[in-house]
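To start, the structure itself, in structure tokens.
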Amino acid sequence: MALIKITPEELESLAGQFSQSSEESQQMVSRLGSGIAGVQQNWAGVSATKFFGEYQEWSKTMTGYVQLLQQISTELKQQAQKFREVDARG
41 MALIKITPEE
51 LESLAGQFSQ
61 SSEESQQMVS
71 RLGSGIAGVQ
81 QNWAGVSATK
91 FFGEYQEWSK
101 TMTGYVQLLQ
111 QISTELKQQA
121 QKFREVDARG
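Each residue of the sequence shown is one higher than the one before, counting from 41 in the numbering used here.
Here it is, written out as structure tokens:
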């Protein structure tokens with residue numbers, strides 16, 4: 041049997057950090073998106089088209105990062121709950 045030296049509370053605390061980081065990252069992505077939208081109104085041409093096309097892909101990557109942080113938070117919370125259930129069974 042594995043020896044677990046971490047408490048459910050520690051896992052939940054770490055989950056909270058990931059969740060908070062996800063929220064902060066989402067806010068940053070939104071702010072950056074607003075900045076890009078402002079620039080887009082005043083920039084035209086081949087280089088603008090290329091940049092904004094690439095930005096769409098970068099935006100997907102940033103959104104994926106935000107989602108990944110939230111998924112990690114959720115998984116940590118689930119593991120904390122499993123630890124509690126095992127402890128309750130003795």
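A virtual CB, placed ideally from N, CA and C, is assigned to each residue, including glycine.
Considering residue i, what are the terminal residues of the alpha helix (DSSP H) in which it resides?
i	result
residue 72	48-80
So what does DSSP say about residue i, is it helix, strand or coil?
i	result
residue 43	coil
residue 130	coil
residue 83	coil
Compare the Cα-Cα distances from residue i to each of the options and report the closest residue.
i	options	result
residue 56	124, 130, 117	117
residue 75	52, 95, 104, 111	95
residue 100	70, 48, 53, 45	70
residue 121	44, 51, 45	51
Give the C-beta separation of residue i and residue j to the nearest angstrom, bearing in mind that I take them to be a contact with Cβ-Cβ under 8 Å.
i	j	result
residue 124	residue 48	5 Å
residue 66	residue 106	5 Å
Would you say residue i faces chain B, with C-beta separation under 8 Å as the test?
i	result
residue 119	No chain B is part of this structure, which consists of one protein chain only.
Any 3 or more C-beta pairs closer than 8 Å across the stretch 102-119 and the stretch 58-68: yes
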